[in-house]
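The structure appears below as structure tokens.
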Amino acid sequence: MFGFAMGLLDLDKIIIKRTILGIRCSACGGNLVLTHKQSIAGRVLKLASFGTLSPKNYECESCRKKYLLLE
Ligand SMILES: [Zn+2]
1355 MFGFAMGLLD
1365 LDKIIIKRTI
1375 LGIRCSACGG
1385 NLVLTHKQSI
1395 AGRVLKLASF
1405 GTLSPKNYEC
1415 ESCRKKYLLL
1425 E
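Positions in the sequence shown are counted from 1; adding 1354 to them yields the numbering used here.
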């Protein structure tokens, strides 16, 4: 089940990190800001992990690229 979720997540731009400190957009180096929109990938991952993971969605301030962080 988890492998299945990870397969889906590959469709999105994903960063898996313990902390968001120092994380910058890999495309343009801009700041990442927290968004309140839950992505489909994030929702699937949360379900697949039975709530043990809480994916947070970030968006680059500059180029609007989406990131999903797992804490
Ligand atoms: Zn960017």
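Built from N, CA and C at the ideal position, the CB exists for glycine as well.
All of these numbers come straight from a predicted model, not from anything done at the bench.
Backbone CA spacing between S1393 and E1413 [nearest angstrom] = 11 Å
By Cβ distance, which residues of its chain are closer than 6 Å to F1404, with the 5 residues on each side in sequence left out?
-> none
Other residues of its chain near S1416: CB distance less than 6 Å, five sequence neighbours each side excluded = C1382 and G1384
So which residues touch the region around ligand 1, with touch meaning a C-beta under 5 Å from any heavy atom?
-> C1379, A1381, C1382, G1384, C1414, S1416, C1417 and K1419
When DSSP labels each residue in this structure, what does R1378 get in the three-state scheme?
-> strand
Cα-Cα separation between Y1421 and N1411, rounded to whole angstroms = 6 Å
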